[in-house]
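Take the sequence shown: its letter number 41 is residue 693 in the numbering used here, and every next letter is one higher. First up is the structure itself, then whatever we jot down about it.
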Amino acid sequence: MRTGPPPPATRAQALVTAALEIVDSGGLEALTMRRLADASKLQLPAIYRVFSNKQTLLDEMAEAILAGALVDSGAGDWEAEVTLLARQLRQALLAQREGARIVGGSYAAQRHSLAFADRLVGVMQQAGFAGVSALWATSTVVCYVLGETLEEQGRTEGAVEKLDFAGARQTYPRLFATPVEEFVNFDGRFEFGLGLILGGLRERLRATDTTERDQ
């Protein structure tokens, strides 16, 4: 993980906001340090005095996005807490164009990213996971949310229609025997997949309890 002193707060926040607006307008490929300088009415060297390179800027953009995933909760049940955190992370990513790409490409040790991970690990420990199991249970949830959101944000118009090309129903009968239009029901499939993960975690805890009782 990258660590180091944070950039000057006030100017850094303004630049991050401007960078996120550039991405909102034109996508991640539209973001360059030169374009950020022009949008901020600054000389390019002034940008590099705050962010040494583009990755450092992206790390701060990820930090800003993840701030929206940290919410208070009164849920005492671990499954309800995992569900809340997963949903909130998804909403934070969806609130920013290409949010999943920005966050997924950042592994910086930043306050909000560490706070989110710490909270989710704590929930897993509360559930009964320990050590590496708590860490991997956390990464399973986070990677699932990132992957689903990445696909949702990468959806193109007519995605389902492109599947149904001439002869497709005869070539792939099992696929088209299902309601393929539900492939882009991202809310439904997210909840379904999250339920599968929770069920798997629940079963792992049950199996661990059984093993411990048998010893």
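C-beta atoms are modelled at their ideal positions from N, C-alpha and C, and glycine is treated no differently.
Looking only at its own chain, which residues have a Cβ that is under 8 Å from the Cβ of E833, when we skip the five neighbours before and after it? V812
Would you give the residue range spanned by the alpha helix (DSSP H) that F828 belongs to? P825 to F828
Between the CA atoms of L683 and T669 - distance to the nearest angstrom: 12 Å
Can you tell me whether R687 is helix, strand or coil according to DSSP? helix
Rounded to a whole number of angstroms, what is the C-alpha to C-alpha distance between M776 and L846? Straight-line measurement puts the Cα of L846 at about 15 Å from the Cα of M776.
Would you call the region 819-836 and the region 773-789 touching, i.e. three or more CB-CB distances under 8 Å? no
Taking its Cβ as the centre, do 16 or more other Cβ atoms sit within 10 Å of F768, making it buried, or is it exposed? buried
Are L798 and E750 close, meaning C-beta to C-beta below 7 Å? The answer is no: Cβ separation not under 7 Å.
Am I right that L802 and G756 are in contact with their C-beta atoms under 8 Å? What's the rounded C-beta distance? The Cβ separation is near 6 Å, so the contact holds.
Where R865 falls: helix, strand or coil (DSSP): Low per-residue confidence applies at R865: pLDDT is 43, beneath 50, and the placement is therefore not dependable, though the value from the model is reported in the following sentence. R865 sits in a helix when the DSSP states are folded into three classes.
Would you say L746 touches the ligand ATP, meaning its beta carbon is less than 6 Å from a heavy atom? No copy of the ligand ATP occurs in the structure displayed, which carries no ligand at all.
Does T808 pass the burial test, meaning 16 or more other C-beta atoms within 10 Å, or should it be called exposed? exposed
With a threshold of 7 Å on Cβ separation, who are the neighbours of T792 within its own chain once the five nearest residues in sequence on each side are excluded? I849
Under 7 Å between the Cβ atoms of V721 and Q740? For the record, residue 721 in the displayed sequence is Ala; it is not Val. Cβ atoms of A721 and Q740: closer than 7 Å.
Local conformation of R854 per DSSP, three classes: In the structure shown, R854 adopts helical secondary structure according to DSSP, grouped into three states.
Closest residue to E800 among D816, G852, K814 and L746 (Cα-Cα distance): L746
Would you mind giving the Cβ-Cβ distance between L688 and I699, rounded to the nearest angstrom? I have them listed as a contact below 8 Å. Taking the Cβ atoms as the reference, L688 lies roughly 6 Å from I699, within the contact range of under 8 Å.
Start and end of the alpha helix (DSSP H) containing E731? W730 to L746
Is the beta carbon of A752 closer than 7 Å to that of Q805? yes
Please classify A738 as buried or exposed, where buried requires at least 16 other C-beta atoms within 10 Å of its C-beta. buried
Quick one: which unbroken alpha helix (DSSP H) runs of 4-plus residues sit fully inside the region 754-779? Chain order, please. 763-779
With burial defined as no fewer than 16 other Cβ atoms inside 10 Å of the residue's Cβ, what is the status of A671: buried or exposed? buried
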